[in-house]
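Worksheet: one structure, shown below.
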């Protein structure tokens with residue numbers, strides 16, 4: 001309470017002493033679920049001609065919990081003191097046609113792989129792969145690794161789940177020796193394969209069409225989450 005009061009008094013002091021801040025010329029864009037392809041194209045073109053950038057974030061205060069990220073502000077500085085301001089509304093990006101792959105896959109597996117009793121089967125080679133026989137609990141979602149293993153019959157490496165992904169993965173950020181580059185390439189491949197494996201699952205489950213997915217996703221973007 002004392003800190004809040006002190007901050008308000010300081011705010012009042014500054015208001016009484018100084019004129020309001022006046023920004024240079026700028027144009028603002030919003031990135032949220034209603035952002036169209038033309039706006040994104042304009043932003044990309046602005047970045048190409050940028051001289052510098054500034055970045056800021058805003059969060060929502062949550063009582064006795066960590067703040068929730070809410071807004072990312074990116075300034076794209078052009079020549080002659082002109083800027084583009086990009087306001088990325090984190091909680092307004094999700095689309096109505098989102099695909100929660102974990103939920104969708106659980107329903108898919110339940111429909112396509114019901115329990116098969118080995119006692120009733122005449123084929124001794126049949127091995128039941130229902131959720132119960134795979135030891136996947138009814139209320140538990142599928143892990144991406146298990147979904148890739150049983151649906152695509154591939155091993156998705158998850159040994160680097162707890163890696164330090166904040167160390168800077170792009171090789172242009174810092175000068176690295178060969179061992180450091182190799183370590184970062186492993187983490188990059190790990191992160192990339194998470195997305196690419198979801199894409200293969202969606203194709204294999206016929207949720208998206210392999211031949212038409214680029215056109216369809218451009219016309220009606222879908223956010224895929226695991």
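In UniProt numbering, the protein residues as written are 1 to 226. Just so you know, even glycine gets a beta-carbon here, dropped at the ideal spot from N, CA and C.
Same chain, Cβ closer than 7 Å to residue i, five either side skipped, listed in chain order
i          : result
residue 13 : none
residue 75 : 53, 54, 83, 85
Residues of its chain near residue i, where Cβ-Cβ distance is below 8 Å and the 5 sequence neighbours each way are ignored
i           : result
residue 108 : 205
residue 152 : 197, 200, 201, 204
residue 170 : none
DSSP-derived helix/strand/coil call for residue i
i           : result
residue 17  : helix
residue 81  : coil
residue 195 : helix
residue 3   : helix
residue 163 : coil
residue 39  : helix
residue 10  : helix
residue 179 : helix
Segment limits, alpha helix (DSSP H) that includes residue i
i           : result
residue 102 : 101-112
residue 149 : It is not in any alpha helix (DSSP H) - residue 149 carries neither H nor E in the DSSP assignment.
Supposed contact pair residue j and residue i - C-beta distance, whole angstroms, cut 8 Å
i          : j          : result
residue 51 : residue 79 : 7 Å
residue 57 : residue 69 : 7 Å
Residue i - partner residues in DSSP beta bridges
i           : result
residue 68  : 60
residue 206 : According to DSSP, residue 206 bridges with nothing at all.
residue 51  : Its beta-bridge partners do not exist; DSSP assigns none.
residue 74  : 55, 86
Same chain, Cβ closer than 6 Å to residue i, five either side skipped, listed in chain order
i           : result
residue 163 : 187
residue 24  : 81
Start and end residues, beta strand (DSSP E) containing residue i
i          : result
residue 27 : 26-31
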